[in-house]
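Enquirer:
There are 2 protein chains.
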Amino acid sequence: MIRILIVEDEHAISDLLRLNLTRSGYCCTQVFDGMEAADLLEEQNFDLIILDLMLPGLNGFELMEYIRFLKIPVIILTAKSSLDDRMKGLTSGAEDYMIKPFEVVELLARVQIVLRRYHKEKCVLKFGDLSVDVENQKALKQGKEVDLTPKEFELLVLLMRNQNITLFREKIYEEIWGVEYPAESRTLDLHIQRLRKKLDLGDRLKTIFKVGYRLEEAS
Amino acid sequence: MIRILIVEDEHAISDLLRLNLTRSGYCCTQVFDGMEAADLLEEQNFDLIILDLMLPGLNGFELMEYIRFLKIPVIILTAKSSLDDRMKGLTSGAEDYMIKPFEVVELLARVQIVLRRYHKEKCVLKFGDLSVDVENQKALKQGKEVDLTPKEFELLVLLMRNQNITLFREKIYEEIWGVEYPAESRTLDLHIQRLRKKLDLGDRLKTIFKVGYRLEEAS
DNA sequence: CAAGGATGTATCAAAATTGTATCAAAATGC
DNA sequence: GCATTTTGATACAATTTTGATACATCCTTG
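Chains as they are written, first to last, in the working numbering: chain A, 1 to 219; chain B, 1001 to 1219.
#1: Is DSSP giving Val134(A) helix, strand or coil here?
#2: Phe1209(B) versus chain A: which residues are under 8 Å apart at the beta carbon?
#3: Check whether the stretch 1016-1035 of chain B and the stretch 184-200 of chain A touch, using three or more Cβ-Cβ pairs below 8 Å as the test.
#4: So which residues of chain B does Arg117(A) contact, with C-beta pairs closer than 8 Å?
#5: Report yes if the C-beta distance between Arg117(A) and Arg1117(B) is below 9 Å; otherwise report no.
#6: Under the three-state reduction of DSSP, which class applies to Thr1166(B): helix, strand or coil?
#7: Answer with yes or no whether the minimum CB distance from Asn136(A) to chain B is below 9 Å.
#8: Under three-state DSSP, which class holds Asp15(A)?
#9: In the stretch 1165-1176 of chain B, which residues sit with their C-beta less than 8 Å from some C-beta in chain A, listed in chain order?
#10: Please confirm whether Leu17(A) and Ile2(A) have their CB atoms less than 9 Å apart.
#11: Does the CB of Asp96(A) have a neighbour CB from chain B at under 9 Å?
#12: So, for Asp9(A): in the same chain, excluding its five sequence neighbours on each side, which residues have a beta-carbon less than 8 Å away from its beta-carbon?
#13: For Leu1107(B), tell me which candidate among Ser1131(B), Thr1078(B), Val1124(B) has the shortest Cα-Cα distance.
#14: Applying the 10 Å Cβ sphere with the 16-neighbour rule, what's the burial state of Arg1186(B)?
#15: Mapping the DSSP letters down to three states, classify Phe1209(B) as helix, strand or coil.
#16: In chain order, what residues of the same chain have a beta carbon less than 6 Å from the beta carbon of Arg204(A), not counting five sequence neighbours either side?
#17: In whole angstroms, what is the alpha-carbon distance linking Glu174(A) and Leu140(A)?
#18: Give me the DSSP bridge partner(s) of Arg1110(B).
#19: Using 10 angstroms around the beta-carbon of Cys27(A), count the other beta-carbons present and answer buried if the total reaches 16, otherwise exposed.
#20: Does any heavy atom of the ligand GTP sit closer than 8 Å to the C-beta of Leu1051(B)?
#21: Helix, strand or coil for Ile1172(B) per DSSP?
#22: Could you check which residue in Ile1050(B), Lys1151(B), Pro1150(B) has the C-alpha nearest to that of Val1111(B)?
#23: Please state the DSSP three-state secondary structure of Tyr97(A).
#24: If Ile1075(B) sits next to Val1114(B), beta carbons under 8 Å apart, how far is it from one beta carbon to the other, in whole angstroms?
#25: Given a cut-off of 9 Å, decide if Glu1170(B) and Glu1184(B) are closer than it, judged by their beta-carbon atoms.
#26: Could you pull out every residue in the same chain whose Cβ sits closer than 8 Å to the Cβ of Thr1022(B), ignoring the five residues on either side in sequence?
#27: For Thr1187(B), report the span of its alpha helix (DSSP H) as first-last.
#28: When you compare only the Cα positions, how much space is there between Glu1135(B) and Leu1125(B)?
#29: Compare the beta carbon distance of Glu216(A) and Gln163(A) with 9 Å and say whether it is the shorter of the two.
#30: Closest Cβ-Cβ distance between Ile1050(B) and chain A: below 9 Å?
#31: In three-state terms, what does DSSP make of Phe1127(B)?
#32: Using a 10 Å radius around the Cβ and a threshold of 16 neighbouring Cβ atoms, would you call Lys1071(B) buried or exposed?
#33: So for Lys1151(B), helix, strand or coil by DSSP?
#34: Using three-state DSSP, classify Val1105(B) as helix, strand or coil.
#35: Start and end of the beta strand (DSSP E) containing Asp52(A)?
#36: Can you tell me whether Ala1183(B) is helix, strand or coil according to DSSP?
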């Protein structure tokens, strides 16, 4: 799920944004001044920020500095008049900007390209303290990279894509090894063990006796 | 010198563009219909194209298809009315668009970000104690120049432009050697080794077993 | 609860992949 | 044309991955 933070003091505009972005499948959080934004950014992670430069409380540009440090892409909203602001906004690290009043379709389009540019739409799978960047063949546990072999990685991705779903041994074997499951082989069990060990999965990677395996949060 | 192709049938607008872009130090070429544009693209190379979608002769979208094939970034110009066109333009591969009538300052800003995104502007890449001046084919380690051969340099630039991103062997090979990766070739490995040695990259240039390589700060 | 099948675990060797050294061909400069 | 540099090939070493085996342990069923 892609998370967008809307930093805008005019409630009408903020709600308009939220409505449309939510409808497009994004997960939105609204804040109405710069301090709130800074606080929230401390504790939560966002994929994109939509920022009105004319904010009460904190100066928009100071906030930009902080956001740049976090490396989160920003689309700036700015009043029609001030071209100077626009230039400043761009050079201070914004990914894009829109001039108020703006067309909603245009906003959605810009959100889309900014996200594409940041490869955020490419999927990062999450499960508890694990996150798996499929594109980059990276598995992170609590933010730290864990070295996985290609087979282990494939298996993990398969499991993560099917959280809370029981995967049959035969199904897994065919997906990963591409051939039918040789009944006596212990290969699959082995790789499951290796994943459990490397990622400390314990019984969050459940064994379904005689059937297969399932990844689910410990209850 | 950065070369921009302006494809616009209204002479007044075309000239306005040329005037401002030239003043900003870009090298501009003007054409006034799609056929001319296609012909010129056959024989010359450009860094950016500014394209009016409403063209006589060739359909703008057909031209887009061709441009996408050339991998040249495009900023689309479109009449205020047609929002549909804008959407189509974006999805057919444009990097950005502007609605006529537009502010010249805004255009310059967009040209700037699109070029930056495409790494066409003069840039010095940095990674730890390395900095690479792409224009001048110079690689510096702790400020001191390191002699790299052309192939080594190309490879380094590719890696530096994709820090923290896993580059697949096939992808690297195609980028640098321009042909499909011959499965048994050890050439790529060799050049990686040479870079590691010359630049003392150790395992900051990570091997992703069976997948490729990735440049990232040691954790 | 005991038997028997299924899974967990440790160890090891084969296979695959990558690292390294050396050398010759190709390109470049003088 | 010759010397030098760059590039890629080859052979072999080192490393990593993978699957097999053996045995321990666990689960299910009667």
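All C-beta atoms in this analysis are idealised placements derived from N, C-alpha and C, irrespective of residue type, glycine included.
Expert: Working from what's here:
#1: Locating residue 134(A) in the first sequence gives position 134, where the first residue counts as 1. Looking at Val134(A) - three-state DSSP - the assignment turns out to be coil, as it is neither helix nor strand.
#2: Along the second sequence, read from residue 1 onward, the residue named residue 1209(B) stands at position 209. By Cβ distance, chain A contributes Thr149, Pro150.
#3: no
#4: For the purposes of this step, residue 117(A) is taken as the residue at position 117 of the first sequence. Under the 8 Å cutoff, chain B gives Arg1117.
#5: Taking the first residue of the first sequence as position 1, residue 117(A) is located at position 117. Taking the first residue of the second sequence as position 1, residue 1117(B) is located at position 117. Yes; because the gap between Cβ atoms is below 9 Å, this pair is in contact.
#6: As a first step, residue 1166(B) must be located in the second sequence, where it is residue number 166. Here Thr1166(B) sits in coil by DSSP.
#7: Indexing the first sequence from 1 puts residue 136(A) at position 136. Taking Cβ atoms only, chain B reaches closer than 9 Å to Asn136(A), which makes this a yes.
#8: Walking along the first sequence from the start, residue 15(A) turns up at place 15. Helix.
#9: Ile1165, Thr1166
#10: On the first sequence, residue 17(A) is found 17 positions in, with the first residue counted as 1. On the first sequence, residue 2(A) is found 2 positions in, with the first residue counted as 1. Not closer than 9 Å, so no.
#11: On the first sequence, position 96 is the one that residue 96(A) refers to. Yes, contact with chain B.
#12: Indexing the first sequence from 1 puts residue 9(A) at position 9. Contacts found: Phe32, Asp33, Asp52, Met54, Leu55, Pro56.
#13: For the purposes of this step, residue 1107(B) is taken as the residue at position 107 of the second sequence. When only C-alpha atoms are compared, the closest one is Thr1078(B).
#14: Residue 1186(B) sits at position 186 when you count from the first residue of the second sequence. Result: exposed.
#15: Here the question's residue 1209(B) lines up with position 209 in the second sequence. If DSSP states are grouped into helix, strand and coil, Phe1209(B) belongs with coil.
#16: By one-based count along the first sequence, residue 204(A) stands at place 204. Ala218.
#17: Position 174 of the first sequence, counted from the start, is the residue given in the question as residue 174(A). Position 140 of the first sequence, counted from the start, is the residue given in the question as residue 140(A). Answer to the nearest angstrom: the Cα atoms are 26 Å apart.
#18: Here residue 1110(B) is taken as the residue at index 110 of the second sequence, counted from 1. Paired residues: none, contrary to the question.
#19: The sequence position of residue 27(A) within the first sequence is 27, counting from 1. Label assigned to Cys27(A): exposed.
#20: The ligand GTP is not part of this structure, which contains no ligands at all.
#21: Here residue 1172(B) refers to the residue found at position 172 of the second sequence. If DSSP states are grouped into helix, strand and coil, Ile1172(B) belongs with the helices.
#22: For the purposes of this step, residue 1111(B) is taken as the residue at position 111 of the second sequence. The candidate whose alpha carbon is nearest that of Val1111(B) is Ile1050(B).
#23: On the first sequence, position 97 is the one that residue 97(A) refers to. Tyr97(A) falls in the strand class under three-state DSSP.
#24: Numbered from its first residue, the second sequence carries residue 1075(B) at position 75. Numbered from its first residue, the second sequence carries residue 1114(B) at position 114. Confirmed, about 6 Å.
#25: Position 184 of the second sequence, counted from the first residue, corresponds to residue 1184(B). Position 170 of the second sequence, counted from the first residue, corresponds to residue 1170(B). No; because the gap between Cβ atoms is not below 9 Å, this pair is not in contact.
#26: Here residue 1022(B) corresponds to residue number 22 of the second sequence, with the count starting at 1. Cys1028, listed in sequence order.
#27: Here residue 1187(B) refers to the residue found at position 187 when the second sequence is read from its first residue. From DSSP, the alpha helix (DSSP H) with Thr1187(B) extends over 1187-1199.
#28: Position 135 of the second sequence, counted from the start, is the residue given in the question as residue 1135(B). Position 125 of the second sequence, counted from the start, is the residue given in the question as residue 1125(B). Rounded to the nearest angstrom, the two C-alpha atoms are 11 Å apart.
#29: Looking up residue 216(A) in the first sequence gives position 216. Looking up residue 163(A) in the first sequence gives position 163. In this structure, Gln163(A) lies closer than 9 Å to Glu216(A) by Cβ.
#30: Residue mapping note: residue 1050(B) aligns to position 50 of the second sequence, counting from 1. No - not a single Cβ of chain A is within 9 Å of the one on Ile1050(B).
#31: Position 127 of the second sequence, counted from the start, is the residue given in the question as residue 1127(B). Note: Phe1127(B) maps to strand in three-state DSSP.
#32: Here the question's residue 1071(B) lines up with position 71 in the second sequence. By the 10 Å Cβ count, Lys1071(B) comes out exposed.
#33: In the second sequence, counting from the first residue as 1, residue 1151(B) sits at position 151. It is helical.
#34: Reading the second sequence from its first residue, position 105 is the one you call residue 1105(B). The answer is helix: DSSP assigns Val1105(B) an H, G or I state.
#35: What you label residue 52(A) is simply residue 52 of the first sequence in a count that begins at 1. Asp52(A) -> beta strand (DSSP E) spans 48-52.
#36: As a first step, residue 1183(B) is located in the second sequence; it is residue number 183 there, counting from the start. The answer is coil: DSSP assigns Ala1183(B) none of H, G, I, E or B.
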